[in-house]
Every structure is written in structure tokens, then in C-alpha cells.
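J.: Input: one structure, supplied below.
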Amino acid sequence: MTDHLPHVARSDARDNRARILEAARAVFGEEGLSVPMREIARHAGVGPATLYRHFPTKRDLIGETFAEQRRACHGIVRDALADSDPWHGFRSLVEQICELHAHSRGFADAFMTAYPEAMDFAADREPVLRAVAELARRAQETGRLRSGFVVDDLILMLMAHRGVQDAPRDARLVASRRFAAYVIEAFRAVPGTAPSPPLPQAPHLRLTFSPVTP
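Numbers in our numbering are just positions in the sequence shown, counted from 1, shifted up by 150.
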């Protein structure tokens with residue numbers, strides 16, 4: 151009988167951890183990262199002590215909650231850089247990053263803002279921005295991407311894309327795909343046509359800092 155108790159305890163702990171992560175994905179995904187930890191515990195049906203035993207800090211919880219999206223982000227970048235058609239790689243990266251953001255307000259928050267609890271995501275942003283710069287250089291050399299594009303334009307696009315989260319849940323993915331299609335069309339250069347008028351000066355964008363919500 152006593153040999154059975156540690157197994158039950160471990161099973162309960164795994165169940166609690168899974169419930170916490172499921173609640174975090176749902177709540178952060180819908181409401182963003184400002185939701186306090188006690189609200190995650192309430193949705194998971196566990197006490198705050200149980201939550202903090204599994205995830206001592208909000209940073210720990212956010213990192214584990216969006217681990218799958220972070221891996222997907224790295225895969226998107228790798229595939230885009232490996233594409234033999236630079237314009238296709240660039241277009242695919244924009245479409246798929248928008249789609250990742252559309253699925254979760256929390257992931258978009260972590261990726262686009264400098265939440266103190268989500269600073270690990272800086273390691274994801276930098277490869278994406280470097281990949282965009284390299285893909286843009288290649289696509290511009292082929293004449294498919296307008297010459298005025300700069301990396302800050304992608305940041306500006308993703309800032310605007312966050313408005314998709316205000317759409318009804320069942321319309322967000324469709325809205326995201328349409329938004330991405332319009333933006334890609336705006337970035338496209340059409341060989342054999344007159345050059346596009348020069349764009350206004352690009353803003354030098356910085357990630358915004360958000361308050362800590364324990």
C-alpha cells in the first residue's frame with residue numbers, strides 16, 4: 151500500500167502540471183500576459199501554492215506555456231532561409247508568423263513586447279529579424295521585393311496585426327490571413343513596371359515595456 155502512494159503522488163503532480171499549462175494556454179491566449187498567476191490557478195482548479203510549486207515564477211510559466219510556439223517559430227525561420235526562392239521564403243515567413251500570433255494573444259504579447267516575465271523571447275525575436283533581413287536582401291536582389299523594405303517594416307506590420315486579436319475568436323485566423331495577404335502585396339515589387347513612389351521614412355521601432363503582474 152505504501153509503495154503505491156509515491157506513484158499516486160507523482161501522477162497527481164503530473165495531472166496538476168498539465169491542468170495548469172492547459173489553463174495558462176487558454177487564459178494567456180485569450181487575455182494576454184497581464185493575467186495574474188492566481189487567475190491561472192483558479193482556472194486550473196488548483197491552489198496558488200500548487201501552481202508556484204510547479205512554476206516558481208511567472209517567467210517559468212510563460213516559457214513553458216509557449217514552448218511549442220517557440221519551437222514552431224524557429225522552424226519557420228529555418229524553412230524560410232532554406233527556401234531556394236527568396237521571395238517565397240519571405241512570403242511564407244510573414245504568413246506563418248502572423249498565423250502564430252493570431253492563435254494566441256499571449257504569444258503575440260511575449261514576442262512583440264518586453265514583458266519582464268517574457269525576456270526569454272528575445273532569443274526568438276532576434277533570429278526572426280536577422281532572417282527577415284537576409285531574406286529581404288535576397289528577395290530584393292531578385293527584384294521581387296520592393297527596394298524600400300526594411301526590417302522595421304515587419305515590426306510595424308506585426309504591431310498592426312495585433313488588432314486581429316480584437317476580432318471574434320472564430321474570425322481571427324481568417325482575418326490574419328487576409329491581413330498578411332494585403333501586407334505581402336504591399337511589399338511586392340512587380341518587375342517591368344514603373345518604380346513605386348518612395349515610402350515615408352521608416353520608424354526606428356523599439357519593443358515596449360509592460361508592467362509586471364505577478
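Each residue gets a CB set at the ideal place from its N, CA and C atoms; glycine is no exception.
1. Would the region 327-339 count as touching the region 278-298 if we require 3 or more Cβ pairs under 8 Å?
2. Cβ atoms of alanine 289 and proline 347: under 7 Å apart, would you say?
3. For glutamate 189, which of Gly179, Ala173, Arg203 has the nearest alpha-carbon?
4. For a minimum of 4 consecutive residues, which ranges assigned as the alpha helix (DSSP H) are wholly contained in the region 203-282?
5. According to DSSP, is leucine 349 part of a helix, a strand, or is it coil?
6. Based on Cα-Cα distance, which residue from Leu250, Arg203, Thr207, Tyr202 lies nearest to glycine 225?
7. Find the nearest neighbour of glycine 182 within the set Gln315, Arg169, Gly256, Val333, judged by alpha-carbon distance.
8. For glutamine 246, which residues of its own chain have a beta-carbon under 6 Å away from its beta-carbon, when the five flanking residues on both sides are left out?
9. Indicate, with yes or no, if the ligand ATP has a heavy atom lying under 6 Å from the CB of serine 254.
10. Compute the Euclidean distance between the alpha carbons of aspartate 302 and histidine 204, then round it to the nearest angstrom.
11. Mind reading off the beta-carbon distance from valine 278 to valine 333? Whole number of angstroms is fine, and I expect it under 8 Å.
12. If you measure between the beta carbons of alanine 194 and arginine 164, is that distance less than 7 Å?
13. Closest to glutamate 180 by C-alpha separation, out of Pro198, Arg209, Arg319, Thr343, would be which residue?
14. Here's a check: name, in chain order, each residue in its chain whose Cβ is nearer than 6 Å to the Cβ of phenylalanine 107, leaving out the five neighbours to either side.
15. Got a sec? Which residues, its chain only, sit under 7 Å from aspartate 162 by beta carbon, not counting five neighbours each side?
16. Could you round the C-beta distance between threonine 215 and arginine 175 to whole angstroms and report it? I think they count as a contact, below 8 Å.
17. Serine 395 to leucine 306, Cα distance in whole Å?
18. Going by other Cβ atoms of all chains shown within 10 Å of its Cβ, with 16 needed for buried, is alanine 286 buried or exposed?
19. Since arginine 296 sits in a beta bridge, which residues does DSSP pair it with?
20. What span of residues does the alpha helix (DSSP H) with leucine 183 cover, start to end?
T.: Walking through what the data contain:
1. yes
2. Against the sequence shown, residue 347 aligns to sequence position 197. Against the sequence shown, residue 289 aligns to sequence position 139. No. Outside cutoff.
3. Within the sequence shown, the letter at position 39 stands for residue 189. Nearest of Gly179, Ala173, Arg203 to glutamate 189, Cα basis: Ala173.
4. 208-215, 217-232, 236-253, 255-262
5. In the sequence shown, the residue the question calls residue 349 occupies position 199. The answer is coil: DSSP assigns leucine 349 none of H, G, I, E or B.
6. By 1-based counting over the sequence shown, the position of residue 225 is 75. For glycine 225, the nearest C-alpha among the options comes from Leu250.
7. Position 32 of the sequence shown, counting from 1, holds the residue named residue 182. When C-alpha distances from glycine 182 are compared across Gln315, Arg169, Gly256, Val333, the shortest belongs to Gly256.
8. By 1-based counting over the sequence shown, the position of residue 246 is 96. Excluding sequence neighbours, glutamine 246 sits near Ile226.
9. Ligands in the displayed structure: none, and consequently the ligand ATP is not present.
10. In the sequence shown, counting from the first residue as 1, residue 302 sits at position 152. In the sequence shown, counting from the first residue as 1, residue 204 sits at position 54. Annotation: aspartate 302 to histidine 204 spans about 38 Å, alpha carbon to alpha carbon.
11. Numbered from 1 along the sequence shown, position 128 holds the residue referred to as residue 278. Numbered from 1 along the sequence shown, position 183 holds the residue referred to as residue 333. 16 Å between Cβ atoms; not a contact.
12. Translated into positions along the sequence shown, residue 194 becomes position 44. Translated into positions along the sequence shown, residue 164 becomes position 14. No, these two residues do not count as a Cβ contact at 7 Å.
13. Against the sequence shown, residue 180 aligns to sequence position 30. The residue with the shortest Cα to Cα distance from glutamate 180 is Arg319.
14. This structure cannot settle anything about residue 107, because the visible part of the chain is limited to 151 through 364.
15. As a working note, residue 162 is residue 12 in the sequence shown. Within the same chain, aspartate 162 has no close Cβ partners at all.
16. By 1-based counting over the sequence shown, the position of residue 215 is 65. By 1-based counting over the sequence shown, the position of residue 175 is 25. Rounded, the Cβ-Cβ distance is 6 Å, consistent with contact.
17. Here the chain has residues from 151 to 364 only, and residue 395 is not among them.
18. Within the sequence shown, numbered from 1, the residue matching residue 286 stands at position 136. So alanine 286 ends up on the buried side.
19. Residue mapping note: residue 296 aligns to position 146 of the sequence shown, counting from 1. DSSP, once it has assigned bridges, lists no residue as partnering arginine 296.
20. The sequence position of residue 183 within the sequence shown is 33, counting from 1. Looking at the DSSP string, leucine 183 is not in any alpha helix (DSSP H), and its letter there is neither H nor E.
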